[in-house]
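Have a look at the structure below, then the notes.
There are 2 protein chains.
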Amino acid sequence: MKNPIRLAKELLLRGEEDGGEGSGDHCQYSGAYAEWLAAQWGLEIVDPEYFFTQRKWDEHKRGLAEEKSREEQGLKVDEVSEWEKETYIPLGTCGAVVIDSFGTICVATSTGGLTNKVPGRIGDTPTMGAGFWARYQLAGWRSFPEGPECVGVFDQHAEKAAAFGLPTAYDIEALLREGAPDFLDVVTSVEGHAFAVRMAIAKGLPVICQKPLAESYEESRALVREAEAAGVWFAVHENWRYQAAIRAVGDLLAQGVVGTPFRARIQFSCSFPVFENQPFLATLDRFILTDIGSHILDAARYLFGEVDSLLCRMSRVNPTIEGEDVATVMMGMERCPSVVCEMSYASRLMDENFPETYITVEGSEGSIELRKDGWIHLTTASGTASHQVVPPSYKWADPAYAAVHASIVACNAALYTALQNGEPAETSAADNLKTVALVWASYESAETGRLIDMKEYQSR
Amino acid sequence: MKNPIRLAKELLLRGEEDGGEGSGDHCQYSGAYAEWLAAQWGLEIVDPEYFFTQRKWDEHKRGLAEEKSREEQGLKVDEVSEWEKETYIPLGTCGAVVIDSFGTICVATSTGGLTNKVPGRIGDTPTMGAGFWARYQLAGWRSFPEGPECVGVFDQHAEKAAAFGLPTAYDIEALLREGAPDFLDVVTSVEGHAFAVRMAIAKGLPVICQKPLAESYEESRALVREAEAAGVWFAVHENWRYQAAIRAVGDLLAQGVVGTPFRARIQFSCSFPVFENQPFLATLDRFILTDIGSHILDAARYLFGEVDSLLCRMSRVNPTIEGEDVATVMMGMERCPSVVCEMSYASRLMDENFPETYITVEGSEGSIELRKDGWIHLTTASGTASHQVVPPSYKWADPAYAAVHASIVACNAALYTALQNGEPAETSAADNLKTVALVWASYESAETGRLIDMKEYQSR
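Going line by line, the protein sequences match chains H and A. The first sequence begins at 3 in the working numbering and counts up one residue at a time. The second sequence begins at 3 in the working numbering and counts up one residue at a time.
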């Protein structure tokens, strides 16, 4: 068919009507049946010849030649050639966003796909909220034996909710009424957080929200204030600081084995091809600070307390992305006068190991160095003692993300314990707001070239 | 004798007179002959019993017991016990400084020595300008075969000059007149720099001056301006950047093997007991930035050009010293947007190796990591390649300082070549003034908590 977005519109409008085949609520369509529906609804069908362009044909042929040359160059399957970087990533996708007078947002994108892929390939374009994290979050709750029972799952795409094998509903209000849960766990993409959190607040229901809390510092703060005013228990699922190795560093600091810390460095720098796995990240105006930066700055707060002032410098190294992929933040902190956080998705380093965080703490009596594979090296006057922190192993966890996925369980356990004891969580929303402030203050610092006084920033 | 400073005064006043035994110009005296002179001159002689105090006797006995316990604890000879740290370092020495109406400064110090040392030990108190560096500097000139011939040595203590086996003089003016040198190499302690440099300027004689150029930024700038006004070639002997491994990093950057640098870290952090070897360093109000900081910030300029702004945080970790022993400086630089220099004499780190500098440069195409024993690890898309940079070996060099001492020869060679070609040296005084500015701007930043704009700072 000629115009796929017209079909998408018809699916939304007619899908639930008689003869619409119940197609209005699915999130993906492909192949002959979709074309048949288009024909039924009178949309224009054209011969495949219509889509031929010489430019794309030439690109196809160049791609085949390039494929051959990759083999000759000995490039591995997961390596990206110079040609691919130049030809693929900047192509983008044709799209449109409209907002009506009621504030309803409607988005449409259309793509011819990527050259030289398997026929029938469906890309990421039509996927709204991949549910990537929900899978691990639910497994995280289930790995915690004294933990809560999940009474239901809601997703705007009902079949995705159904995949969890739990009660679902088209209407989240109904689900909350029927399930009568003790708390709501919000695992949607960030755009859905405010809606879900406000619904919980309105019902006086304790609520856990995925990071990042909201799309801006102001909105995050508004949610925190609304929950406080309503007396609703509100926590953020910030799990990075619950990684076993980071916790072990925190424990050593609390035991005072290196005396009083005077300098620290927290590093998350690697060449992991994050934009290949999640191409939409390349389209974000603000990237690394809102992404991994939230976690690293939060881990810094866990280890060293609050920030008095910060200076941030950032760079965009990968020329095919919109936002920054490198940031360095220098902070004066409550329990350490100089903390530098280094973040980068553009660094090829000898010992890099995505998604591990490396930490160095220098103190009056020695140092702690967290390095590759969870090895912690503790150096004091009596020499260096090393031990490896191995995270708990879970069958559902992706081995490549073992340390991060295991931290979901530890985070859930901490949240649930706090909730049961009627105490604010370690990562309460009010606490997490301080991390959110660091993220946005870092942007302001990098963009203005100024040092940011955090007291002043937070009192605005 | 009862009052050693009275004897010191008499030695200065009567030493050159008849019967003074020519004793006025020596820098150290000890034992029976000095006491005999004191008696001759009518100074009060007391029985050794006079110096007995119960407190020092108890300390002596505690020291002996402690010595035994060191053996039981298995402490090595070069390790400092907790008892020593508490008992020795904070003791200090009794001293006085006077300045007369002509600006003549006179200093006297007196010490009972350290408890439980070999009888007859002479400490560092009476040594003015140990000539530590001159020995290596002269050897450095001699290791450079096409280099200059040294026509004479001047030292305020003539016998120290004589030790070099070269023409000397009581009067530096006479030495310069008779030796007719092509340039003057100033290797005195910092207080003597301005005098010597101004003498060279007055004679239109090219001059090389040891780092640090002068005792303040203002005085350094005054010297640079005076030399410029007089058209005198003026260079600073800043040799750190001439270390073979640091040069190798600079060469790799110049070749562009890691593309465009976006972040760098230069580290000089260790637990080397610098205050045990040079106790006067513990008495300085400003320590690590003027000391190793000058070198590290200069190495940063060598690698990445000039600084737009800097933020510095510093700490005093060792409680027995006056100045700061830790500093961290974050800079935006001409060829790298984020450079962090870490300096510390208070850090026990797994891979520390005094006096080595470690460097990490992250660039768009890979990274350079200079680590222990001169190993350079170059990581690019094709993996990590490592090679070791071994500095040239010289017989006169202290093996523990091999990399630093070898850099004296490289620095001298570069200075001499520039002088012969009639060009400004890479480390001209005007260039070095920019490093001096970084040192003092770092203090201002740390003391005010402000970010320093270097253009503004240098235009004051």
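In this text, a Cβ means the ideal position worked out from N, Cα and C, and glycines have one as well.
query                                                                                                                           : result
Sequence-distant residues of its chain with Cβ nearer than 8 Å to residue 246 of chain H (five each side left out)              : 376, 391, 392, 393, 394, 405, 408, 409, 412
Whole-angstrom distance between residue 282 of chain H and residue 9 of chain H, CA atom to CA atom                             : 24 Å
Which of helix, strand or coil DSSP assigns to residue 27 of chain H                                                            : With a pLDDT of 48 at residue 27 of chain H, under the threshold of 50, the modelled position of this residue cannot be trusted, and the question is left open.
Contact check, residue 51 of chain A vs residue 3 of chain A, beta carbons under 8 Å                                            : no
Per DSSP, cross-strand counterpart(s) of residue 248 of chain H                                                                 : Note: residue 248 of chain H sits in no beta bridge, so no partner.
Chain A within 8 Å of residue 363 of chain H, Cβ atoms only                                                                     : no
Beta-carbon gap between residue 291 of chain A and residue 441 of chain A smaller than 8 Å                                      : yes
Cβ-Cβ distance between residue 192 of chain H and residue 231 of chain H below 8 Å                                              : no
Proximity below 8 Å, CB of residue 362 of chain A to CB of residue 204 of chain A                                               : no
C-alpha gap between residue 234 of chain A and residue 297 of chain A, whole angstroms                                          : 25 Å
Nearest candidate by alpha-carbon position, reference residue 432 of chain A, set A:156, A:315, A:240                           : A:240
Contacting positions in the region 291 to 310 of chain H - beta carbon closer than 9 Å to chain A                               : 310
Separation of residue 146 of chain H from residue 138 of chain H, as counted between CA atoms                                   : 13 Å
For residue 332 of chain H, the first and last residue of its enclosing alpha helix (DSSP H)                                    : No alpha helix (DSSP H) contains residue 332 of chain H, which is instead part of the beta strand (DSSP E) from 328 to 335.
Straight-line gap, residue 210 of chain H to residue 305 of chain H (C-alpha atoms, nearest Å)                                  : 23 Å
Cβ contact check for the region 269 to 288 of chain H and the region 347 to 363 of chain H: 3 or more pairs under 8 Å           : yes
Unbroken beta strand (DSSP E) run spanning residue 460 of chain H, endpoints                                                    : Residue 460 of chain H -> not in any beta strand (DSSP E); alpha helix (DSSP H) instead, spanning 456 to 460.
Exposure label - residue 195 of chain A; buried when at least 16 CB within 10 Å                                                 : buried
Alpha helix (DSSP H) segments (min. 4 residues) lying fully within the region 277 to 359 of chain H                             : 296 to 306
Proximity test, residue 74 of chain A beta-carbon vs the ligand ADP heavy atom, cut-off 7 Å                                     : Although the ligand ADP was asked about, the structure shown includes no ligands whatsoever.
Continuous beta strand (DSSP E) stretch holding residue 377 of chain H: start and end                                           : 377 to 382
Closest residue to residue 351 of chain H among H:271, H:324, H:308, H:364 (Cα-Cα distance)                                     : H:271
Closer than 8 Å to chain A by CB, residue 274 of chain H                                                                        : no
Start and end residues, alpha helix (DSSP H) containing residue 236 of chain H                                                  : Segment 236 to 239 is the beta strand (DSSP E) holding residue 236 of chain H; no alpha helix (DSSP H) there.
Distance CB(residue 329 of chain A)-CB(residue 430 of chain A) smaller than 8 Å                                                 : no
Through-space distance from residue 307 of chain H to residue 63 of chain A, alpha-carbon basis                                 : 46 Å
Contacting positions in the region 256 to 274 of chain H - beta carbon closer than 9 Å to chain A                               : 260, 261, 262, 264, 265, 267, 271, 273
Other residues of its chain near residue 437 of chain H: CB distance less than 8 Å, five sequence neighbours each side excluded : 240, 296, 299, 300, 303
Spatially closest choice to residue 387 of chain A from A:190, A:41, A:259, by CA coordinates                                   : A:259
Reference residue 327 of chain H; option with closest CA among H:311, H:399, H:294                                              : H:294
Whole-angstrom distance between residue 400 of chain H and residue 249 of chain H, CA atom to CA atom                           : 21 Å
Bounding residues of the beta strand (DSSP E) (the contiguous stretch that carries residue 210 of chain A)                      : 209 to 212
Residue 142 of chain A and residue 434 of chain A closer than 8 Å at C-beta                                                     : no
Pick from H:183, H:227, H:219 that is closest to residue 200 of chain H, judged by C-alpha positions                            : H:227
CB of residue 337 of chain A within 8 Å of CB of residue 263 of chain A, strictly                                               : yes
Span of the beta strand (DSSP E) around residue 370 of chain H                                                                  : 368 to 372
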